[in-house]
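Novice: Below you will find the structure I want to go over with you.
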Amino acid sequence: MTEKIPDPPNYPPYSSGPTWTEPEVHVHFTPESEPASRWDLAWLQVGKNLGAIACAWIPANIWAATLHDVQREQTVAAAWVMGGIVLTVGVIRLVQHRGFFNRFLAWTGGLGLFLALPVFQAVVDVMTGGGR
-1 MTEKIPDPPN YPPYSSGPTW TEPEVHVHFT PESEPASRWD LAWLQVGKNL
49 GAIACAWIPA NIWAATLHDV QREQTVAAAW VMGGIVLTVG VIRLVQHRGF
99 FNRFLAWTGG LGLFLALPVF QAVVDVMTGG GR
């Protein structure tokens, strides 16, 4: 049983209009674009972040002083909770909308926590040879 299945008939469609002609097929190819660079770091937005860091430096120092006061008057945990809340709100706002104020708020919270870290003071003491 090696019967060949015949090709389907090429019947015109059922209509009483003009005679049917075989359709023309047009194929359009778009040229392939060059692959993107593996080292595309545009998502870092270095200029915007440096501008936000420059503007956030003074408020971050004030925030770090406030966290130091909280750490001295209350506990280290209270300072971490306050700093963590501000940093979390800043990061959530930055993720929702990447505006300058939200970037400024996130950098202020992050820098303030970094400057208020007890580890930062120890690193400065070791590097400068100072002691308490």
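With the first letter of the sequence shown counted as 1, position 85 gets the number 83 in my numbering; the numbers rise by one all the way through. Even glycine gets a Cβ: it sits at the ideal position worked out from N, Cα and C. Owing to the predicted nature of the structure, the values given are computational and were not obtained by experimental measurement.
Where does the unbroken alpha helix (DSSP H) through T73 begin, and where does it stop?
Specialist: Element bounds for T73: n/a, residue is neither H nor E.
Novice: Does the distance from the CB of L65 to the CB of G81 come in under 7 Å?
Specialist: Yes.
Novice: If we count the other Cβ atoms within 10 Å of its Cβ and call it buried at 16 or more, is F102 buried or exposed?
Specialist: Classification for F102: buried.
Novice: Which first and last residues belong to the alpha helix (DSSP H) in which T28 is found?
Specialist: Where T28 is concerned, there is no enclosing alpha helix (DSSP H), given that its DSSP letter is neither H nor E.
Novice: For W105, count the other beta carbons within 10 Å of its own beta carbon; 16 or more makes it buried, fewer makes it exposed. Which is it?
Specialist: That one is buried.
Novice: Buried or exposed, going by whether 16 or more other CB atoms sit within 10 Å of the CB of N100?
Specialist: It counts as buried.
Novice: According to DSSP, is D38 helix, strand or coil?
Specialist: Correct three-state label for D38: coil.
Novice: Provide the residue span of the alpha helix (DSSP H) that contains R101, from first to last.
Specialist: First-last of the alpha helix (DSSP H) with R101: 98 to 114.
Novice: Whole angstroms is fine: what's the gap from Q69's alpha carbon to G107's?
Specialist: For Q69 and G107, the distance between alpha carbons rounds to 16 Å.
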